[in-house]
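Dropping the structure here:
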């Protein structure tokens, strides 16, 4: 506790606060821009950190990480073009809300949920980092593989009406993630002689293509009707109730935020899962637990809260393994490790012994970043919400331009833009034919972890599946996976029977 | 450094900022006039990465341009090495890799078609401390005890982060009838995770284990002499396996990089080897300093290539 | 359920089978002995795609009420087909232009082309938007953040 107070003394200087505020602002703005996410934001800011003190540098990076995670909800809600996969579930209900004229409400709820998730997860990091990290090590490759399998089926079953179509999308996503040199043998796979593909399909361009480009193409095909809707919204009486978060809304959202924060924190501590898994699991769990599941996908405010709280809770929690044992648990953590090392700090348990003041300074910076995020985000969203008033024929070219830049920056140049375009078209077809592009993306994002843990599991189990008996956690998740498939199949069967009865009524 | 960028203003500024297609001009004259990318063949958080991060900072300050790190993990540093071969020889893409990723891995992995003569070497900096290590709570303290343990416990697990690690185990278990299963892991960070969690009983480490003396213990030194952190632990050679895996962090550039640029990098590296930050890091992570200039590094590469060739022949390993 | 599912099922089945029996055996080498084959996970995935698309086909085949299916609308509207065509053309040509003439003309074409395709005809926005965007991107990435974009 004394250390923490010392940490606050170090961080509460005008200069350090300014760096955090700058970080949160840069992160938030870059996060808001469709096609640009936290990876881009943190990576481009690294050079800035060479010139400032270790604490300020790390505070800046943390501010960016937190800001961009929250910011990417804005483009998800307003444009249905999430900045990164982990905000995709935010769009599922956020965008319908925005189209109902409740953009302000959705943005505010998104921000509140982000800040709460982030704040609580930060507290967990501060209080429980060491014991949690030790516990997380018990989750070995076999358990992780089972958890990934469960996450994939659970998320696959969420979206879209047909389980088999969801699973096809997931398989396709994992298939795409296997392109490139295989890590054990360096044998190229499915590159068909294209050199650029040896590094694999670049993650960010694929994600941008599937999420933003595809959506922009759909909106391009329907922009007249969207603009008409918008003008109706303008004339309509946008009442105060639609702009603020009511007690009524909080009632639905508080449990969702609690659940989201818990899920996000756990997912963050475990290596190899990532923010996308966290936000989707949380969204799914909230939908499953809801008394009004039929509203999900049509503008349920708690959907936004669930996704955003988990998405943001992942960020601080993913630092737990870094601080406690020196292993980076996420991309952000890997980038932070770089900043630590440059400034002469070896991440890991020795940090608490050698540089306690710095560690607690970082903790204090994280808390400050949470609070600053609330202020900057609250101010910023009023400004960004104006986007809904701009006609689509202006928005779409700008968004596609930003997408191209994002793909260019993170995908080895123009090759990234080509990948973005290809997956934009694939994503368009998937959207229209109701193959869950979201499940595809999750498959693609966790594909490498899944393959590695799968191969590790085979070795750890000595190629003998019965040895899994010693691993109760893995068994539990496999049972959960089977139950999930079974439940979804039964539910879909019922739905289809109903649909058959109603088949005389033409589909809209 | 911003000044040179500003001088680019004019019609070409956007083009220059967005792509290399139109950037030609006098690249040599004031090298470096833009940021340099230093590739590292491993994930962030491993031993090579740790050294590389600090080296990039120190060399960047010396050269007056920042050096950005690009982690290109895979195939034991091989993927980054392949990428460097394709890179423009302009000094803006450089690679920091263990020497063995060029002198040993191509013997082990058929797909690694690069050879030591495909590159130019600007020097070496630190020595790796390759070793076999185990979770601290295991009942064995050296290789002999481990082998006895493995005999009693079939299905003992060994984490291999590259093909060298795999070969070591293959040589040790050859004709011994031991049943040891090899678990692939990605980089030093991946190895640490499974060792910390007790998922495996033995692992090959490039040296990162030395940062965690409370959780990991040395079982056999993989270097030609015993290691500072475990003076009582025999080397593999002393244990009767005729192999050692000396390796150094090596600064590598594409073959056709102009001599003047290589000389600048070489000088910056030599300066870095005397930098207190680097020396402090070397002590902190227990990677002893082993600076060599470009010529000596090239000679060392050839020596390693010959020695590992012999070792491979002797063990009867073939490239796969 | 629908005819589009039936058709996509057939397309995916062909895709899966082609990968399983032609492309993967042809493109991915067998790994060394003692190591799991590199083609293991790709094969599992295309196998899964083939199997699941077969289920999709069967499910939509059995469905009674053939006329229903015939009356069903295409899930993609004509204006959306146009949008896809425009997007592919404009982004595609921009990519070619980038390779041939650099970033400036490519980025300009991308923005102006898309605006024109979406029916923007006023001169002022057509000029102001690309100029603002290009300068903004230049300032943000190159000056403020000091990244070299290449």
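Protein chains in written order, with this note's numbering: chain A, 548 to 1055; chain B, 109 to 428; chain C, 256 to 405.
Quick reminder that beta carbons are idealized off the backbone N, C-alpha and C, glycines included.
Exercise. Between residue 148/B and chain A, is there a C-beta pair that is closer than 7 Å?
Worked result: Judged by the 7 Å Cβ criterion, residue 148/B is not in contact with chain A.
Exercise. Any idea if residue 622/A is buried or exposed, counting beta-carbon neighbours within 10 angstroms, 16 or more meaning buried?
Worked result: So residue 622/A counts as buried.
For this session: Classify residue 49/B as buried or exposed, calling it buried when 16 or more other Cβ atoms lie within 10 Å of its own Cβ.
Result: The structure shown does not extend to residue 49/B, since chain B is modelled only from 109 through 428, so no value can be given for it.
Exercise. With a Cβ-Cβ cutoff of 7 Å, do residue 966/A and residue 958/A count as a contact?
Worked result: yes
Exercise. CA-CA distance, residue 305/C and residue 643/A?
Worked result: 34 Å
For this session: Report the option in 968/A, 858/A, 649/A, 813/A whose CA atom is closest to the CA atom of residue 948/A.
Result: Ranking the options by Cα distance to residue 948/A, first place goes to 968/A.
For this session: Could you pull the start and end residues of the beta strand (DSSP E) that residue 233/B belongs to?
Result: 227-235
For this session: In angstroms with no decimal places, state the Cα-to-Cα distance between residue 343/B and residue 273/B.
Result: 15 Å
For this session: Return yes when the Cβ of residue 699/A is within less than 7 Å of the Cβ of residue 716/A, no when it is not.
Result: No, they are not a contact pair.
For this session: Using a cut-off of 7 Å between C-beta atoms, extract the partners of residue 731/A located in chain B.
Result: 292
For this session: Could you tell me which chain A residues have their CB closer than 9 Å to the CB of residue 354/C, listed as they occur along the chain?
Result: 961
Problem set entry | Alpha-carbon spacing of residue 829/A relative to residue 300/C, whole angstroms | Cα to Cα, residue 829/A sits roughly 26 Å from residue 300/C.
Exercise. Counting Cβ pairs, one atom from each stretch, are 3 or more of them under 8 Å apart for the stretch 865-882 of chain A and the stretch 894-902 of chain A?
Worked result: yes
Problem set entry | Proximity test, Cβ basis, 7 Å: residue 700/A and chain C | Using a Cβ-Cβ cut-off of 7 Å, residue 700/A does not count as an interface residue toward chain C, since no Cβ of chain C sits closer than that to its own.
Problem set entry | Cβ neighbours of residue 420/B in the same chain (closer than 6 Å, five flanking residues each side left out) | 215
For this session: Could you tell me whether any Cβ in chain B is nearer than 7 Å to the Cβ of residue 957/A?
Result: no
Problem set entry | Among 742/A, 775/A, 560/A, 565/A, the one whose alpha carbon lies nearest that of residue 501/A | Residue 501/A is absent from the structure shown; chain A starts at 548 and stops at 1055.
Problem set entry | Nonlocal neighbours in the same chain, by C-beta distance under 8 Å from residue 1016/A, ignoring five residues either side | 1022
Exercise. Would you call the CB atoms of residue 192/B and residue 148/B closer than 7 Å?
Worked result: no
For this session: Report all residues from its chain with a CB closer than 8 Å to the CB of residue 136/B; omit the five preceding and five following residues, and keep chain order.
Result: Low local confidence applies: a pLDDT of 47 at residue 136/B is under 50, so the model's placement there is unreliable, with the coordinate-based value given in what follows. If we look at residue 136/B and ignore the five residues flanking it on each side, its Cβ neighbours are 366, 368, 369.
For this session: Below 8 Å CB to CB, which residues in the same chain sit around residue 811/A once its five sequence neighbours on both sides are set aside?
Result: 664, 668, 822, 825, 826, 829, 856, 857, 858, 859, 860, 861, 864
For this session: Output yes or no for whether 7 Å exceeds the beta carbon distance between residue 325/B and residue 238/B.
Result: no
Problem set entry | Distance CB(residue 683/A)-CB(residue 1025/A) smaller than 7 Å | No, Cβ-Cβ distance for residue 683/A and residue 1025/A is not below 7 Å.
Problem set entry | N-terminal and C-terminal residue of the beta strand (DSSP E) that residue 317/B is part of | Segment: none, residue 317/B is in no beta strand (DSSP E) and carries neither H nor E.
Exercise. Does the Cβ-Cβ distance between residue 328/B and residue 251/B come in under 7 Å?
Worked result: yes
For this session: Determine whether the Cβ of residue 385/C lies closer than 7 Å to any Cβ atom of chain B.
Result: No - not a single Cβ of chain B is within 7 Å of the one on residue 385/C.
Exercise. Taking any Cβ of chain C, which residues in the stretch 821-835 of chain A have a Cβ under 9 Å from it, in chain order?
Worked result: So the list is empty, because no residue satisfies the distance condition.
Problem set entry | Per-residue burial, residue 384/B [other beta carbons within 10 Å of its own, 16 or more giving buried] | exposed
Exercise. Can you round the beta-carbon distance between residue 349/B and residue 280/B to whole angstroms, since I take them to be within the 8 Å contact cut?
Worked result: 6 Å
Problem set entry | Whole-angstrom distance between residue 375/B and residue 162/B, CA atom to CA atom | 16 Å
For this session: Just the C-alpha distance for residue 279/C and residue 138/B, rounded to the nearest angstrom, thanks.
Result: 48 Å
Exercise. Exposed or buried, residue 970/A, counting other C-beta atoms within 10 Å across all chains shown (16 or more means buried)?
Worked result: buried
Exercise. Along the chain, where does the beta strand (DSSP E) that runs through residue 509/B open and close?
Worked result: Absent from the model: residue 509/B. The displayed extent of chain B is 109 to 428, so no value can be given.
Problem set entry | Residue of 354/B, 406/B, 381/B minimising C-alpha distance to residue 397/B | 381/B
Problem set entry | Separation of residue 592/A from residue 1115/A, as counted between CA atoms | Within the shown structure, residues of chain A are numbered from 548 to 1055, placing residue 1115/A beyond reach of any answer.
Exercise. Taking C-beta to C-beta, are residue 748/A and residue 765/A nearer than 7 Å?
Worked result: Not closer than 7 Å, so no.
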